[in-house]
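For the record, the sequence lines run as chains A and B.
Under the numbering used here, the first sequence is numbered contiguously, ending at residue 99.
Under the numbering used here, the second sequence is numbered contiguously, ending at residue 1563.
All C-beta atoms in this analysis are idealised placements derived from N, C-alpha and C, irrespective of residue type, glycine included.
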Amino acid sequence: MTEPDAQEQPQTIGELRRRLAELGNPWTVDPQLSDDEPLRDRPRGGQAEEEVPDELRPAALESSRDLRAVLAEQPPANPFLRQRWVEDGLLDEGEGGVS
Amino acid sequence: MAIVDWRNRFGSNWITTVRDQGPTQNCWAFATTALYEAMIRIEHCLWNWRSEGDLARGTGKQPWDLGNLGEAVFFVERYGLADPDCFPWSTAAALYTSKPHGAAMQAMPLSPTSDRAGRTMRIAANSSTTLTDPAQQKQWIDLVGPMATIVQPPSDFGQLHDGIYVPAVSGAGPAHALLVVGFNDDEQYWIVKNSWGPGWGVGGFGKVSYNSATTANAGILQGATFYGVRGTNPDPWIRRRMRNGALVQGGNGALRNNFELFVRVGMDVEHWYRENADPSRPWVRVRVVRSDDPWRMTFGNDVLDCPAAVQSTFNRNYELILRTTYRQLRHVYYDHTSGWWNDATIFGPEDPVGIPGFVQSNRGAPGDFEVVVVTPSGQAEHWTKHNSAPWTHRPGEWYLREQFGTGLGYGGPSLVQSRLGAGPMPENGQGELHYVGTGWDGQLHHYRRPAGGGWQSVGGFGQGISSAPCLIEGTFGTGNETLVGNFELCVATGGQVHHWWRHNASQGAWVQSATFGADVKRVVGLLQGTYRFNLEVIVERTDGHYQYYWRDGSGWHAGPVIT
Chain A
1 MTEPDAQEQP QTIGELRRRL AELGNPWTVD PQLSDDEPLR DRPRGGQAEE
51 EVPDELRPAA LESSRDLRAV LAEQPPANPF LRQRWVEDGL LDEGEGGVS
Chain B
1001 MAIVDWRNRF GSNWITTVRD QGPTQNCWAF ATTALYEAMI RIEHCLWNWR
1051 SEGDLARGTG KQPWDLGNLG EAVFFVERYG LADPDCFPWS TAAALYTSKP
1101 HGAAMQAMPL SPTSDRAGRT MRIAANSSTT LTDPAQQKQW IDLVGPMATI
1151 VQPPSDFGQL HDGIYVPAVS GAGPAHALLV VGFNDDEQYW IVKNSWGPGW
1201 GVGGFGKVSY NSATTANAGI LQGATFYGVR GTNPDPWIRR RMRNGALVQG
1251 GNGALRNNFE LFVRVGMDVE HWYRENADPS RPWVRVRVVR SDDPWRMTFG
1301 NDVLDCPAAV QSTFNRNYEL ILRTTYRQLR HVYYDHTSGW WNDATIFGPE
1351 DPVGIPGFVQ SNRGAPGDFE VVVVTPSGQA EHWTKHNSAP WTHRPGEWYL
1401 REQFGTGLGY GGPSLVQSRL GAGPMPENGQ GELHYVGTGW DGQLHHYRRP
1451 AGGGWQSVGG FGQGISSAPC LIEGTFGTGN ETLVGNFELC VATGGQVHHW
1501 WRHNASQGAW VQSATFGADV KRVVGLLQGT YRFNLEVIVE RTDGHYQYYW
1551 RDGSGWHAGP VIT
C-alpha cells in the first residue's frame, strides 16, 4: 500500500474504486452503487475531543496504571464472562460461572 | 488475546440491532445507547431496546446538535435511559414536557411521561471508564464488553461495504461516534457498530484497520478515547415478559439482580429476597406485607392465597393482586418513595379461583394493569385498570373487560403480554395477551387476545393436570431484541413439575421437555433470570412450604425449602 494522494481526492464512486485498486486497499464499495454516483459522506454529529468542555471529558486511565486491578474491583455477573476471568486469572477457579 | 467479537461470543449474540440516525447529527446518542444496551445484555442476559431519542432530547439537544460521549454518559448516570415507549427516537425536534418525577430522579427537570423513573435503566455516577491505550482498550473489550468512541474518519468511510477499512483519502473528516464491539489481532482490525443503518458495511458493522496507508495518519481509531461502562441496573419494564407470579428479579443487591419473593404464610403475604451476588446465600425474610398507612390500616391478616406480583413502571413499585377474605381480589402496592405498603382497592369477581394472572401492559404510559382470573363458574374474566390516557374508565377504577373460556378449574399466574403481534419499537399498545388455564378436563387451555380484539382459544395440551400453570415469555428462540422468545410453562402434576415450552416464532405446538421435583402442589412463580439464561421456579409444596428449583445447562435442580 502507498499513501493516498492528498491532491487528487476521489469525487465519485468510480474514482474511489480506482483509488482503492491503486492502493491495494482491502475493502470494497457497495457493488450496487454506480461509478457515476458522487462520493457522499453521511451524517455524523460528534464533537472532536478538543471541542469538548473539560467538565464533560473524564480523565482517561493512565496507561501505566494496572487496568486489571481496576477491573478486579467489580467482577461481572455474566457467568460466561466470569469463566473468562478465571481463565485470565482475575477470579479464582471456584468463582467462575454461578448456579 | 487475539479475537473478540461480541456479536458471536460464548455461543450467543450480545449486540442489539443496528439503528439509523437518519439525517441528524446525533451519532453520539446512538453509540452511547448501543453501549448501554450491550452492557445490559452482557451483565443481565437481557435483550432490551433503549431510546436514542430519550438520550438525545433529554440532554437538551436537537437533531442538528453535535454532542459528545461525556455528556451522554453523564446524562445516563444522572437520569437513566428510558425505552422508546416512554420517549421514542425521532428525527424531528422535540422538547420534553414538564411532568413530576419519582424520588429516585428528583433532579430531572423535564420528563416525557409520568412514569419515566420506573422505566429507565439506571447506573451509578462515575460508572464509566475512559481508556486511550490500545492494549487496555482490548483488555476491557475482552473482559468487560464493548466500548464507545468518537473518531474522525475521512469521507470515504461512508462508502465502506466489505473488507477492512483503511482510509483511501487523506485528512480527517468530521467527528463520528461508533461502538467498538470487538477486535482481531490476527488480521489487525477493530469491529465497529455504526448508526447508518444496515446498509453500511456488512449489516451495519464494519472492520477498521489498526493501521493506515499513510505514515502521518495512523488507523482512525488509533489514539481515540474509548468509553466503557459497567454496573447497569435494568428496569423491571425490560424484564416484564420474563417473569410471572410470586417471583421477581429486581434491581437490588450488589449485582443489581436480587430475587424478590412474595408468598402467603398463614393469613398474610411475606416478602423474601435472595442476594444474588452470592447465590449460595440463603433466602431472607424482609417483612410481613401489611398496610403501613396509619390512617388506612385496611389490609393484613386477610390473605387466602399467594399473590401475583408485578414490579411496575411506577418508580419500580411492587404491585400485588391477591385473593382475600373479602371474597374478591385486593390490589396493594409498595411505594419505593415512602417505603410503605399501601392499599389500592378491592375488585373482581366474587370468590375468584386461584392466583390471578397479572401484567402491566404497554397501552399508554404508565401502562394499564391487566388481570385475568378464573371464576367459580369455570370462566375466565379479564379486568383492566387504566393508568394513563386515553381513559375509557375513571382513573383508579378496575372494570370487567371480557369473559371468555369455559370449564376452567384452576387459575394461575399465566397471563403474558407477548411480543407476538408487536411490530418495531415503540410497541405502543401492540402485542397479544396470552393466558393458559387448567380445565376441569385435566387439560391446559391456551387463549390469546390480539391488540384491539377479543379473547379466542388457541387450543389445549397436556392431560391429567390438576393444578394451575405459570407462564412466561423467555428469550430462548431470540437472536436480538426485536424477536419473540419462546413461551415457558411450568405446572404441577402428580406431585412433580412438568415443564412445557412453545416455539413462538413459528407459533408451533406445545412440547413437554422435562419432569422434575417432588411433593409439589403447584407452581407459584417462574422467571428466566440473569444466570446463563437459567429458568428459576418457586413451588408450593404439599406440606404448605415453598421450595426453589432452577434449570441450568445441566438440567433441573432442587434448591432449598424457603419457608
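Whole-angstrom distance between residue j and residue i, CA atom to CA atom
{"i": "aspartate 1351(B)", "j": "alanine 1093(B)", "result": "52 Å"}
{"i": "asparagine 1244(B)", "j": "histidine 1176(B)", "result": "42 Å"}
{"i": "alanine 1131(B)", "j": "arginine 65(A)", "result": "The amino acid at residue 1131(B) is misidentified as alanine; the sequence shows leucine. C-alpha separation (whole angstroms): 11 Å."}
{"i": "threonine 1324(B)", "j": "glutamine 1496(B)", "result": "28 Å"}
{"i": "isoleucine 1346(B)", "j": "arginine 1330(B)", "result": "4 Å"}
{"i": "tryptophan 1028(B)", "j": "asparagine 1194(B)", "result": "11 Å"}
{"i": "asparagine 1534(B)", "j": "serine 1051(B)", "result": "28 Å"}
{"i": "glycine 1409(B)", "j": "histidine 1499(B)", "result": "20 Å"}
{"i": "valine 1229(B)", "j": "glutamine 1222(B)", "result": "20 Å"}
{"i": "glycine 1199(B)", "j": "arginine 1281(B)", "result": "49 Å"}
{"i": "asparagine 1008(B)", "j": "proline 79(A)", "result": "16 Å"}
{"i": "serine 1388(B)", "j": "phenylalanine 1075(B)", "result": "27 Å"}
{"i": "arginine 68(A)", "j": "alanine 77(A)", "result": "17 Å"}
{"i": "alanine 1558(B)", "j": "arginine 1274(B)", "result": "16 Å"}
{"i": "isoleucine 1015(B)", "j": "threonine 1232(B)", "result": "15 Å"}
{"i": "aspartate 1343(B)", "j": "leucine 1322(B)", "result": "12 Å"}
{"i": "alanine 1468(B)", "j": "threonine 1542(B)", "result": "14 Å"}
{"i": "cysteine 1306(B)", "j": "arginine 1285(B)", "result": "16 Å"}
{"i": "alanine 1518(B)", "j": "alanine 1246(B)", "result": "20 Å"}
{"i": "proline 1063(B)", "j": "serine 1209(B)", "result": "30 Å"}
{"i": "aspartate 1293(B)", "j": "glycine 1300(B)", "result": "12 Å"}
Neighbour-count burial assignment, residue i, 16 or more Cβ in a 10 Å radius
{"i": "isoleucine 1465(B)", "result": "buried"}
{"i": "lysine 1099(B)", "result": "Because the pLDDT at lysine 1099(B) is just 45, under 50, the model does not fix this residue reliably, and the value given afterwards should be weighed accordingly. Answer is exposed; the Cβ neighbour count stays below 16."}
{"i": "proline 1560(B)", "result": "exposed"}
{"i": "asparagine 1026(B)", "result": "buried"}
{"i": "threonine 1032(B)", "result": "buried"}
{"i": "glycine 1339(B)", "result": "exposed"}
{"i": "glycine 1118(B)", "result": "buried"}
{"i": "alanine 1082(B)", "result": "buried"}
{"i": "asparagine 1126(B)", "result": "exposed"}
{"i": "alanine 1365(B)", "result": "buried"}
{"i": "leucine 1261(B)", "result": "buried"}
{"i": "arginine 1316(B)", "result": "buried"}
{"i": "leucine 1420(B)", "result": "buried"}
{"i": "valine 1192(B)", "result": "buried"}
{"i": "glycine 1219(B)", "result": "buried"}
{"i": "alanine 1216(B)", "result": "With a pLDDT of only 46 at alanine 1216(B), under 50, the local geometry of the prediction cannot be trusted, and no value is derived from it."}
{"i": "threonine 1530(B)", "result": "buried"}
{"i": "tryptophan 1391(B)", "result": "exposed"}
Contact under 8 Å by Cβ, residue i with residue j
{"i": "leucine 1160(B)", "j": "leucine 1035(B)", "result": "no"}
{"i": "cysteine 1470(B)", "j": "valine 1524(B)", "result": "yes"}
{"i": "tyrosine 1318(B)", "j": "alanine 1309(B)", "result": "yes"}
{"i": "glycine 1553(B)", "j": "arginine 1532(B)", "result": "yes"}
{"i": "alanine 1138(B)", "j": "phenylalanine 1205(B)", "result": "According to the sequence shown, residue 1138(B) is lysine rather than alanine. No. Outside cutoff."}
{"i": "methionine 1147(B)", "j": "proline 1234(B)", "result": "no"}
{"i": "leucine 16(A)", "j": "alanine 1168(B)", "result": "yes"}
{"i": "isoleucine 1040(B)", "j": "arginine 1241(B)", "result": "no"}
{"i": "glutamine 1597(B)", "j": "glycine 1431(B)", "result": "Residue 1597(B) is absent from the model: chain B starts at 1001 and stops at 1563."}
{"i": "aspartate 41(A)", "j": "serine 1155(B)", "result": "yes"}
{"i": "valine 1359(B)", "j": "leucine 1415(B)", "result": "yes"}
{"i": "glycine 1411(B)", "j": "valine 1371(B)", "result": "no"}
{"i": "glycine 1378(B)", "j": "tryptophan 1440(B)", "result": "yes"}
{"i": "leucine 1526(B)", "j": "glutamate 1488(B)", "result": "yes"}
{"i": "aspartate 1302(B)", "j": "tyrosine 1334(B)", "result": "no"}
{"i": "asparagine 1486(B)", "j": "tryptophan 1501(B)", "result": "yes"}
{"i": "leucine 90(A)", "j": "alanine 72(A)", "result": "yes"}
{"i": "methionine 1425(B)", "j": "proline 1084(B)", "result": "yes"}
{"i": "tryptophan 1237(B)", "j": "threonine 1313(B)", "result": "yes"}
Identity of the residues DSSP links to residue i by a beta bridge
{"i": "asparagine 1244(B)", "result": "Leu1526(B)"}
{"i": "tryptophan 1190(B)", "result": "Phe1183(B) and Val1208(B)"}
{"i": "arginine 1287(B)", "result": "His1271(B)"}
{"i": "glutamate 1260(B)", "result": "Val1248(B) and Tyr1273(B)"}
{"i": "glutamate 1536(B)", "result": "Leu1527(B) and Trp1550(B)"}
{"i": "glutamate 1473(B)", "result": "Phe1487(B)"}
{"i": "arginine 1541(B)", "result": "Val1520(B)"}
{"i": "lysine 1385(B)", "result": "Phe1369(B) and Trp1398(B)"}
Interface partners of residue i on chain C, CB under 8 Å
{"i": "aspartate 1005(B)", "result": "The structure shown contains no chain C; its protein chains are A and B."}
Q) Which runs of the alpha helix (DSSP H), 4 residues or longer, sit entirely within the segment 1080-1167 of chain B? A) 1134-1143
Q: Go through the segment 14-41 of chain A residue by residue and report every complete run of the beta strand (DSSP E) that reaches 3 residues or more, in order.
A: Fully enclosed beta strand (DSSP E) runs of 3 or longer: 27-29.
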